[in-house]
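One structure is given here, and the rest of the page talks about it.
Numbering (my numbering), first residue to last: 1 to 253.
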């Protein structure tokens with residue numbers, strides 16, 4: 001990511017934003033960015049769920065003080081951003097062989113969008129028991145409404161510290177929206193590398209609002225495949241692949 005882009009870099013960022021949002025939404029993004037405000041969308045009304053609102057980590061019912069201090073508060077991602085990320089990270093993949101895992105799934109918004117694709121399974125991992133309960137309710141509501149599209153109905157939430165989560169033995173597309181920091185992020189990255197080395201499974205990581213990206217860059221075994229920076233860092237993302245040394249030469253398809 002460019003944190004101090006030159007003129008050409010700024011132009012590229014604006015054009016990326018246009019490709020994601022279109023002209024009027026990009027104009028709105030620029031105005032909201034200048035006013036330091038967040039946009040609203042109609043996701044909850046559209047799907048009959050409750051995923052909106054901001055929750056600080058101190059208000060999320062997390063008992064472990066250390067984990068609470070390293071967790072990042074809940075902020076829902078706009079649906080069109082989630083779709084843009086999924087479209088650009090799943091192209092050419094046999095999704096029936098992949099588990100989609102949202103580390104820090106919050107109230108389950110991304111799980112609902114992912115369930116509209118034919119993944120083998122969709123799993124949300126969430127530390128906050130309050131958010132876990134809300135996410136489970138939202139998923140049940142979404143799947144029980146026959147009007148809602150769902151190509152994957154194998155959707156569940158695991159209420160556990162992401163550092164303790166055991167990955168299923170499938171290829172993985174791991175999604176993270178700025179879920180946690182520091183030691184927890186490091187432990188999760190270590191678990192990804194260990195899982196990939198032990199199983200030989202493919203591990204892709206879609207990292208949105210990548211505040212700990214430098215940690216992945218410093219690790220051996222993580223290869224950045226692409227990145228997409230827009231006006232708001234909240235909606236910028238990068239795609240990584242976790243690889244052992246033996247498989248590092250294999251190109252991303």
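No residue lacks a Cβ here, since even glycine has one placed at the ideal position from N, Cα and C.
Computed from a predicted structure; not experimentally measured.
For residue 224, the uninterrupted beta strand (DSSP E) run begins and ends at 222–228, by DSSP. Pairing residue 198 with residue 185, the inter-Cα distance amounts to about 20 Å. Counted as a single uninterrupted DSSP element, the alpha helix (DSSP H) harbouring residue 85 occupies residues 79–90. In this structure, the straight-line span from the alpha carbon of residue 237 to that of residue 144 is close to 31 Å. Check the Cα spacing between residue 43 and each of 110, 189, 220: the tightest is with 110. The C-alpha of residue 45 is placed about 44 Å away from the C-alpha of residue 244. Residue 241 holds the alpha-carbon nearest to the alpha-carbon of residue 219 among 241, 128, 208, 157. Taking 7 Å as the cut-off, the beta carbon of residue 99 is found no closer than this to the beta carbon of residue 76.
Per the DSSP secondary-structure output, residue 217 pairs with nothing in a beta bridge.
Around the beta carbon of residue 128, 16 or more other beta carbons sit within 10 angstroms, so the residue counts as buried. Contact between the region 166–178 and the region 92–107 is established, with three or more Cβ pairs separated by less than 8 Å. Residue 108 is a Cβ neighbour of residue 138, given a cutoff of 7 Å. Within the model, the alpha-carbon separation for residue 124 versus residue 105 is close to 5 Å.
Per DSSP, reduced to three states, the secondary structure at residue 104 is coil, with no helix or strand assignment. Residue 113 places its beta carbon 7 Å or farther from that of residue 235. A distance of 7 Å or more separates the beta carbons of residue 203 and residue 215. Residue environment analysis places residue 92 among the exposed positions, since fewer than 16 neighbouring C-beta atoms fall within 10 angstroms of its C-beta.
In terms of Cβ geometry, residue 119 and residue 95 form a close pair [threshold 7 Å].
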